[in-house]
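Data first, discussion second: the structure below is written as structure tokens.
Numbering (the working numbering), first residue to last: 54 to 364.
Here it is, written out as structure tokens:
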């Protein structure tokens, strides 16, 4: 059988256990907190809940740009390992990794929705009564990865499904152009963003930081969290193969020169495979922004490019 981008996309969706929503399905939506006040936290983020098609209510933050800078574009922002969505909106002090990301995106004119991913923040697997409580930045990835893998689904697929629901909920908001809703994230959030944009061709574009590299040079060579494991993804779907499925849509990659778990040399080698795919479709090639940082998401030049390409 001929291998085509769509057959690869179908293969990826199967590995993730990610279903494509029925056209016109708008069941995912946002609801205010129970008191109806939808209070903003101390950082200006509105506390809300993302209700998925199966009725699960996921904690989330919604941030809206000032009317004079709003572009109509929007992004689902996915946190990496740490304290979850609270890290994305923290400003005083800013989280060392995410660096006030949600506010950077909002100042650039984007509407931002930050859904809590499984294993982080408010969605950590509950510890038994009497056990030592979680530390603020501790996660439950090991337990959750085992729970999902033992049932034949990678945890990363469940996270991608939640981010996909967030995209659909964002499309329903007044002031948001449903054709210009993208995804963004770094590290574990970058994994979700890359995988979802590749698997779902309706995603407008992606900003992926401190993740794009190769599986062989990163997950297969350096110790990583088990939540990253997608059984069967190799040898047919290396990271560059997955990223190529995003073409011709906008893809912006950010990498740290000193990232110790996603080696920059392998990132550059994988990135070199992408431009011909976009060029063959007559579309602007992806951009790789290399910072002088380690494993961090600075979103300076990379955010500028994303905003330009989402239009």
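Here a beta-carbon is modelled for each residue, glycine too, at the ideal position from N, C-alpha and C.
Keep in mind that this is a model prediction, so the values were computed, not measured.
For residue 321 and residue 249, what's the separation of their Cα atoms in angstroms? 22 Å
Identify the continuous beta strand (DSSP E) that holds residue 130 and give its terminal residues. It spans 127-131 - the beta strand (DSSP E) in which residue 130 sits, taken as one unbroken run.
Since residue 364 is in the beta strand (DSSP E), which residue starts that stretch and which ends it? Unbroken run through residue 364: none, as it is neither H nor E.
Report the rounded CA-to-CA distance for residue 216 versus residue 168, giving the unit in angstroms. 7 Å
To the nearest angstrom, report how far apart residue 202 and residue 213 are at their CA atoms. If I take the Cα positions, the gap works out to 15 Å.
Going by alpha carbons, who is nearest to residue 171 out of 152, 148, 289 and 197? 197
What residues in its chain sit with their C-beta under 7 Å from that of residue 161, if we drop five residues either side in the sequence? 356 and 360
8 Å contact criterion, which residue 280 and residue 209 should meet: CB distance rounded: Correct: roughly 6 Å between the Cβ atoms.
Using only the alpha-carbon positions, how far apart do residue 275 and residue 267 sit? 11 Å
Go to residue 242, then tell me how far its alpha helix (DSSP H) extends in each direction, as first and last residue. 241-252
Pick helix, strand or coil for residue 303, following the three-state DSSP scheme. Correct three-state label for residue 303: coil.
With DSSP run on the structure shown, which of helix, strand or coil describes residue 226? coil
Output yes or no for whether 9 Å exceeds the beta carbon distance between residue 330 and residue 300. yes
Rounded straight-line distance, which links the Cα of residue 111 to that of residue 91: Caution applies to residue 91, whose pLDDT of 47 falls short of 50 and renders its modelled position unreliable; the value that the coordinates give is listed next. Whole-angstrom Cα-Cα distance: 15 Å.
Residue 280 - DSSP class collapsed to helix/strand/coil: helix
What span of residues does the alpha helix (DSSP H) with residue 321 cover, start to end? Boundaries of the alpha helix (DSSP H) around residue 321: 317-324.
Does residue 351 pass the burial test, meaning 16 or more other C-beta atoms within 10 Å, or should it be called exposed? Per the 10 Å Cβ criterion, buried.
Any idea what DSSP makes of residue 146, helix, strand or coil? When secondary structure is reduced to three states using DSSP, residue 146 falls in the coil class, being assigned neither helix nor strand.
With a threshold of 6 Å on Cβ separation, who are the neighbours of residue 354 within its own chain once the five nearest residues in sequence on each side are excluded? 342
Counting along the chain, where does the alpha helix (DSSP H) carrying residue 122 start and finish? Premise fails: residue 122 is in no alpha helix (DSSP H) and is neither H nor E.
How would you label residue 152, buried or exposed, when you count the other beta carbons within 10 angstroms and need 16 or more for buried? buried
Please report the straight-line C-alpha distance between residue 164 and residue 259, rounded to a whole angstrom. 15 Å
Where residue 175 falls: helix, strand or coil (DSSP): helix
My output table needs one value for residue 218: the three-state DSSP class, helix, strand or coil. helix
Strand pairing of residue 165, partner residues [DSSP]: Paired residues: 116 and 128.
By a C-beta neighbour count over all protein chains shown, 10 Å radius and 16 as the cutoff for buried, is residue 182 buried or exposed? exposed
According to DSSP, simplified to helix, strand and coil, what is residue 151? coil
Using a Cβ-Cβ cut-off of 7 Å (strictly less than) and excluding sequence neighbours within five positions of residue 363, which residues of its own chain qualify? 126, 233, 235, 257, 258 and 303
Assuming residue 132 contacts residue 104 (C-beta within less than 8 Å), just tell me the rounded distance between them. Their Cβ separation, rounded to whole angstroms, is 20 Å, which puts residue 132 and residue 104 out of contact at 8 Å.
Could you compute how far the alpha carbon of residue 313 sits from the alpha carbon of residue 211? 27 Å
Cα-Cα separation, residue 142 to residue 121: 21 Å
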